[in-house]
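Going by this note's numbering, the sequence shown opens with residue 16, and the numbers climb by one from there. All C-beta atoms in this analysis are idealised placements derived from N, C-alpha and C, irrespective of residue type, glycine included. To start, the structure itself, in structure tokens.
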Amino acid sequence: MSDFQVLDDYLDAAFTGQERLSSADLQRGAVAADLPATALTRLDALPEGEYAQDEAAEALRALDV
């Protein structure tokens, strides 16, 4: 499974019942979900702020890590 598929699956779960999440919330949840190191690296590079699910997915794909 590619990092993007892992991240998309994670975002689907993380945003269940949530409209927006902070980058810190996403990072904490990813650690708790035991995502692969490469996915964690991408999430760690996400700029601070709050994101809707589609915004987070777009920002993660745009990162150059």
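*asked:* Per the DSSP calculation, Y25 is bridged to which residue(s)?
replied: DSSP lists no partner for Y25.
*Over the uninterrupted alpha helix (DSSP H) stretch that includes R76, give me the two end residues.*
68-77 is the extent of the alpha helix (DSSP H) around R76.
_For A47 and L55, what's the separation of their Cα atoms in angstroms?_
As the crow flies, the alpha-carbon of A47 is around 11 Å from that of L55.
_Nonlocal neighbours in the same chain, by C-beta distance under 8 Å from A74, ignoring five residues either side_ = Within the same chain, A74 has close Cβ partners L61, P62, Y66.
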